[in-house]
Amino acid sequence: MELEYHKPVCLSDLRAMLGEGPVWIAAEQSFYFVDIHSHRVHRYCLADATLKSWNAPNRIGFLLPVSDGTFLAGLPDGLHRFDVKTGYFEHACTIEAEDPDNRLNDGCVDQKGRIWFGTMDEGESRESGALYRVEHKKGQLSVSHWDSGYTVSNGPALSPCGKVLYACDSPRQRIYAFDITEAGELKNKRIFATLTKGYPDGVVTDSEGNLWCGTWAGGQITRFRPDGTMMEPIALPVSNVTKVAFGGVDYKTVFVTTARKGLTPGMAEAQPQAGGIFAFRTDIAGNPQHSFALEPL
1 MELEYHKPVC
11 LSDLRAMLGE
21 GPVWIAAEQS
31 FYFVDIHSHR
41 VHRYCLADAT
51 LKSWNAPNRI
61 GFLLPVSDGT
71 FLAGLPDGLH
81 RFDVKTGYFE
91 HACTIEAEDP
101 DNRLNDGCVD
111 QKGRIWFGTM
121 DEGESRESGA
131 LYRVEHKKGQ
141 LSVSHWDSGY
151 TVSNGPALSP
161 CGKVLYACDS
171 PRQRIYAFDI
181 TEAGELKNKR
191 IFATLTKGYP
201 DGVVTDSEGN
211 LWCGTWAGGQ
221 ITRFRPDGTM
231 MEPIALPVSN
241 VTKVAFGGVD
251 YKTVFVTTAR
261 KGLTPGMAEA
271 QPQAGGIFAF
281 RTDIAGNPQH
291 SFALEPL
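In UniProt numbering, the protein residues as written are 1 to 297.
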């Protein structure tokens, strides 16, 4: 399929209830993503336009690559290892056992092979969500807490230099920025941008440091320069745009996940491709997908 510049085309009319978290795996020339509410993992292969799916044991907020070829997944009870060869999920560690009404929502891998992820209130009303960092140390997952007070934590994403982390507080329409120290600590929290149309969902950066924000109830990808000024948005034919991933051989193909969640019957009829996955070409390359680093035993 020949893709055009900033003209999204539906690759698969999947009708995902809550499509999220696309990640490009260069070795497979494919991107993986999840349907949170349907408890599904999907892989779309660009070469032959095929879609393969796996069942997850519960709502799966993110799926991120590990250096050994497996994945680390965020489920309501914590982190799980997922092997595509077997389709098996193995519980790795519990997160927020004291709050069963929270779940893991979105995550990313930084340049040093650490995972950053957020949690959220399943009912989307309490400010019970938080930001965490995960590292692999002495054969185990080491989880540390770095920020709190989120109702729906989204993002996060890293600047190309790895020195800034972006995280969204979706109901407040805010995108925060933090400085990351050499030791991996978050400092200097500040408001990077506030949306006036829709709600910030997943975010990623391109190679020039611009932030691409999936916009829930906004029907677009909202984009910001590194200084927070807004760029021209990219419209999609659906309301709930959740997140993008850069891929292809030159990282100039943009893959987009969307959702049907929250649409009335009339809205769903007006946007029949809601929940589909989309793609288009762009002129600024994205950044390669990093993998979670496993320390040698």
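All C-beta atoms, glycine included, are put in the ideal place defined by N, C-alpha and C.
Asked	Found
DSSP state of arginine 260 mapped onto helix, strand, coil	coil
Backbone secondary structure at leucine 297 - three-state DSSP	Because the pLDDT of leucine 297 is 46, which lies under 50, any placement of that residue in the model is unreliable, and the question is left without a value.
Option in Cys161, Asp206, Ala167 and Asp250 with minimal Cα separation from phenylalanine 149	Per the sequence shown, the amino acid found at residue 149 is glycine instead of phenylalanine. Residue Ala167 is the option with its Cα nearest to glycine 149.
Rounded C-alpha distance that separates asparagine 287 from glutamine 273	28 Å
Exposed unless 16 or more other CB atoms sit within 10 angstroms - verdict on tyrosine 88	exposed
Of the listed residues Val9, Lys189, Gly275 and Ala183, nearest to alanine 174 (C-alpha basis)	Per the sequence shown, the amino acid found at residue 174 is arginine instead of alanine. Minimum Cα distance to arginine 174 is reached at Lys189.
Backbone CA spacing between methionine 230 and isoleucine 221 [nearest angstrom]	11 Å
Limits of the alpha helix (DSSP H) - the one that leucine 267 falls within	The sequence as given places methionine at residue 267; leucine does not occur at that position. Per DSSP, methionine 267 belongs to the alpha helix (DSSP H) from 265 to 270.
Cβ neighbour criterion (16 or more within 10 Å) applied to arginine 103	buried
Glutamate 208 - DSSP class collapsed to helix/strand/coil	coil
Selection from Ala73, Gly19 and Ile277 that minimises the alpha carbon distance to isoleucine 115	Ala73
Rounded distance between the beta-carbons of valine 23 and serine 63, thought under 8 Å	The sequence shown places leucine at residue 63, not serine. Sure, about 7 Å apart at Cβ, within 8 Å.
Cut-off 6 Å between Cβ atoms - residues of its own chain near leucine 297, not counting five sequence neighbours on either side	For leucine 297, the predicted structure reports a pLDDT of 46, less than 50, and the residue's modelled location is therefore unreliable. The matter cannot be settled from this model.
For residue 326, the first and last residue of its enclosing beta strand (DSSP E)	Outside the modelled stretch of the chain, which goes from 1 to 297, sits residue 326, for which no answer is possible.
With 16 other Cβ atoms within 10 Å as the buried cut-off, status of lysine 85	exposed
Alpha-carbon spacing of leucine 14 relative to valine 66, whole angstroms	26 Å
CA-to-CA distance, arginine 43 to alanine 193, given in whole angstroms	32 Å
Same chain, Cβ closer than 6 Å to leucine 75, neighbours up to 5 away in sequence not counted	Asn58 and Ile60
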